[in-house]
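Numbering (this note's numbering), first residue to last: 466 to 636.
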(Lines of atoms letter the chains of each structure in order from A and count residues from 1; the text may use other names and numbers.)
(Lines give C-alpha, C1' and ligand atoms only; values in the text may rest on other atoms or scores of the structure.)
Protein backbone atom coordinates (compact mmCIF):
# COMPACT_ATOMS: atom_id res chain seq x y z
CA UNK A 1 0.00 0.00 0.00
CA UNK A 2 2.88 2.36 0.79
CA UNK A 3 4.47 1.62 -2.59
CA UNK A 4 1.22 2.56 -4.38
CA UNK A 5 1.03 5.89 -2.55
CA UNK A 6 4.71 6.55 -3.34
CA UNK A 7 4.14 5.70 -7.01
CA UNK A 8 1.09 7.97 -7.23
CA UNK A 9 3.01 10.79 -5.57
CA UNK A 10 5.96 10.28 -7.94
CA UNK A 11 3.60 10.30 -10.95
CA UNK A 12 1.94 13.52 -9.71
CA UNK A 13 5.22 15.34 -9.16
CA UNK A 14 6.75 13.90 -12.34
CA UNK A 15 3.82 14.98 -14.48
CA UNK A 16 3.94 18.51 -13.01
CA UNK A 17 7.68 18.79 -13.69
CA UNK A 18 7.24 17.41 -17.21
CA UNK A 19 4.44 19.91 -17.88
CA UNK A 20 6.60 22.79 -16.67
CA UNK A 21 9.57 21.75 -18.78
CA UNK A 22 7.48 21.15 -21.89
CA UNK A 23 5.45 24.36 -21.67
CA UNK A 24 8.57 26.46 -21.10
CA UNK A 25 10.53 24.81 -23.89
CA UNK A 26 7.55 25.10 -26.24
CA UNK A 27 7.34 28.86 -25.64
CA UNK A 28 11.04 29.31 -26.40
CA UNK A 29 10.91 26.98 -29.42
CA UNK A 30 7.93 28.87 -30.82
CA UNK A 31 9.71 32.19 -30.31
CA UNK A 32 12.80 30.85 -32.07
CA UNK A 33 10.83 29.57 -35.04
CA UNK A 34 8.76 32.73 -35.37
CA UNK A 35 11.63 35.23 -35.03
CA UNK A 36 14.81 33.50 -36.20
CA UNK A 37 13.27 31.91 -39.26
CA UNK A 38 10.61 34.61 -39.94
CA UNK A 39 7.97 31.87 -39.96
CA UNK A 40 4.72 33.80 -39.60
CA UNK A 41 2.24 30.91 -39.67
CA UNK A 42 1.21 30.26 -36.03
CA UNK A 43 -1.82 28.15 -36.96
CA UNK A 44 0.40 25.76 -38.92
CA UNK A 45 2.75 25.43 -35.94
CA UNK A 46 -0.22 24.80 -33.61
CA UNK A 47 -1.69 22.19 -35.97
CA UNK A 48 1.67 20.37 -36.20
CA UNK A 49 2.06 20.41 -32.42
CA UNK A 50 -1.47 19.02 -31.94
CA UNK A 51 -0.93 16.25 -34.52
CA UNK A 52 2.38 15.25 -32.94
CA UNK A 53 0.75 15.21 -29.50
CA UNK A 54 -2.04 12.94 -30.74
CA UNK A 55 0.43 10.60 -32.45
CA UNK A 56 2.62 10.50 -29.34
CA UNK A 57 -0.31 9.72 -27.01
CA UNK A 58 -1.69 7.11 -29.41
CA UNK A 59 1.73 5.42 -29.59
CA UNK A 60 1.88 5.34 -25.77
CA UNK A 61 -1.67 3.92 -25.65
CA UNK A 62 -0.98 1.22 -28.27
CA UNK A 63 2.15 0.12 -26.41
CA UNK A 64 0.19 0.02 -23.11
CA UNK A 65 2.42 2.65 -21.51
CA UNK A 66 -0.55 4.85 -20.61
CA UNK A 67 -4.22 4.07 -20.21
CA UNK A 68 -6.56 6.34 -22.12
CA UNK A 69 -10.21 5.34 -21.69
CA UNK A 70 -12.33 4.88 -24.79
CA UNK A 71 -14.40 7.90 -25.68
CA UNK A 72 -18.09 7.61 -26.35
CA UNK A 73 -19.75 10.53 -28.13
CA UNK A 74 -22.53 12.09 -26.15
CA UNK A 75 -25.23 13.74 -28.21
CA UNK A 76 -26.48 15.85 -25.34
CA UNK A 77 -26.89 19.54 -26.28
CA UNK A 78 -25.22 20.74 -23.07
CA UNK A 79 -22.21 18.52 -23.66
CA UNK A 80 -21.82 19.63 -27.28
CA UNK A 81 -22.10 23.30 -26.27
CA UNK A 82 -19.50 22.89 -23.51
CA UNK A 83 -17.23 20.95 -25.87
CA UNK A 84 -17.41 23.66 -28.55
CA UNK A 85 -16.70 26.37 -25.94
CA UNK A 86 -13.73 24.31 -24.69
CA UNK A 87 -12.30 23.91 -28.20
CA UNK A 88 -12.75 27.61 -29.08
CA UNK A 89 -11.19 28.66 -25.78
CA UNK A 90 -8.24 26.33 -26.35
CA UNK A 91 -7.67 27.72 -29.84
CA UNK A 92 -7.86 31.29 -28.54
CA UNK A 93 -5.43 30.46 -25.72
CA UNK A 94 -2.90 28.91 -28.10
CA UNK A 95 -3.26 31.74 -30.60
CA UNK A 96 -2.85 34.38 -27.89
CA UNK A 97 0.31 32.59 -26.69
CA UNK A 98 1.74 32.67 -30.21
CA UNK A 99 0.68 36.27 -30.71
CA UNK A 100 2.23 37.35 -27.40
CA UNK A 101 5.44 35.46 -28.18
CA UNK A 102 5.63 36.79 -31.76
CA UNK A 103 4.94 40.43 -30.90
CA UNK A 104 6.86 40.56 -27.62
CA UNK A 105 9.87 38.94 -26.03
CA UNK A 106 9.92 35.57 -24.31
CA UNK A 107 10.31 37.52 -21.05
CA UNK A 108 7.03 39.35 -21.62
CA UNK A 109 5.33 36.03 -22.31
CA UNK A 110 6.78 34.70 -19.04
CA UNK A 111 5.51 37.73 -17.11
CA UNK A 112 2.05 37.29 -18.55
CA UNK A 113 2.27 33.59 -17.69
CA UNK A 114 3.00 34.40 -14.05
CA UNK A 115 0.02 36.75 -13.88
CA UNK A 116 -2.16 34.10 -15.54
CA UNK A 117 -1.01 31.49 -13.04
CA UNK A 118 -1.82 33.77 -10.11
CA UNK A 119 -5.31 34.41 -11.45
CA UNK A 120 -5.81 30.72 -12.20
CA UNK A 121 -4.73 29.67 -8.73
CA UNK A 122 -6.97 32.15 -6.93
CA UNK A 123 -10.03 31.39 -9.06
CA UNK A 124 -9.44 27.64 -8.89
CA UNK A 125 -8.91 27.73 -5.15
CA UNK A 126 -12.30 29.31 -4.50
CA UNK A 127 -14.29 27.89 -7.42
CA UNK A 128 -13.53 24.20 -7.68
CA UNK A 129 -12.89 23.31 -4.05
CA UNK A 130 -11.21 20.08 -3.12
CA UNK A 131 -8.46 21.97 -1.30
CA UNK A 132 -8.74 22.58 2.41
CA UNK A 133 -8.69 26.24 3.34
CA UNK A 134 -5.94 26.39 5.95
CA UNK A 135 -2.92 28.51 6.75
CA UNK A 136 -0.41 26.05 5.26
CA UNK A 137 -2.13 26.10 1.85
CA UNK A 138 -2.47 29.88 1.89
CA UNK A 139 1.21 30.21 2.84
CA UNK A 140 2.29 27.79 0.07
CA UNK A 141 0.22 29.55 -2.61
CA UNK A 142 1.45 32.96 -1.43
CA UNK A 143 5.07 31.80 -1.41
CA UNK A 144 4.67 30.36 -4.92
CA UNK A 145 3.13 33.59 -6.23
CA UNK A 146 5.71 35.76 -4.49
CA UNK A 147 8.56 33.65 -5.91
CA UNK A 148 7.12 33.89 -9.42
CA UNK A 149 6.69 37.64 -9.15
CA UNK A 150 10.18 38.15 -7.73
CA UNK A 151 11.76 35.99 -10.43
CA UNK A 152 9.92 37.87 -13.16
CA UNK A 153 10.86 41.21 -11.62
CA UNK A 154 14.53 40.20 -11.39
CA UNK A 155 14.58 39.03 -15.01
CA UNK A 156 12.82 42.24 -16.09
CA UNK A 157 15.42 44.40 -14.30
CA UNK A 158 18.22 42.29 -15.78
CA UNK A 159 16.81 42.91 -19.24
CA UNK A 160 16.48 46.64 -18.62
CA UNK A 161 20.13 46.83 -17.51
CA UNK A 162 21.23 44.81 -20.52
CA UNK A 163 19.32 47.12 -22.87
CA UNK A 164 20.76 50.19 -21.15
CA UNK A 165 24.33 48.86 -21.56
CA UNK A 166 23.69 48.05 -25.23
CA UNK A 167 22.33 51.53 -25.93
CA UNK A 168 25.38 53.38 -24.56
CA UNK A 169 27.08 55.31 -27.36
CA UNK A 170 30.87 55.67 -27.41
CA UNK A 171 32.31 59.15 -26.93
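Backbone N, C-alpha and C fix where the C-beta goes; we use that ideal spot for every residue, glycine too. This structure is a prediction, so every number in the text was calculated from the model and none was measured.
Apart from the 5 residues on each side of it in sequence, residue 533 sits with its Cβ closer than 7 Å to the Cβ of 522, 526 in its chain, given in chain order. When secondary structure is reduced to three states using DSSP, residue 570 falls in the coil class, being assigned neither helix nor strand.
In the three-state reduction of the DSSP assignment, residue 507 falls in the helix class. Around the Cβ of residue 499, a 10 Å sphere holds 16 or more other Cβ atoms; the residue is buried. Non-local C-beta neighbours of residue 479 in its own chain, meaning closer than 8 Å and more than five positions away in sequence, are absent. At a Cβ-Cβ threshold of 8 Å, residue 554 and residue 565 do not count as neighbours. With fewer than 16 other Cβ atoms from the protein chains shown falling within 10 Å of its own Cβ, residue 503 counts as exposed. The beta carbons of residue 592 and residue 606 sit about 14 Å from each other, so the pair does not count as a contact at 8 Å. Contact between the segment 573-584 and the segment 601-615 is present: 3 or more CB-CB pairs across the two stretches fall below 8 Å.
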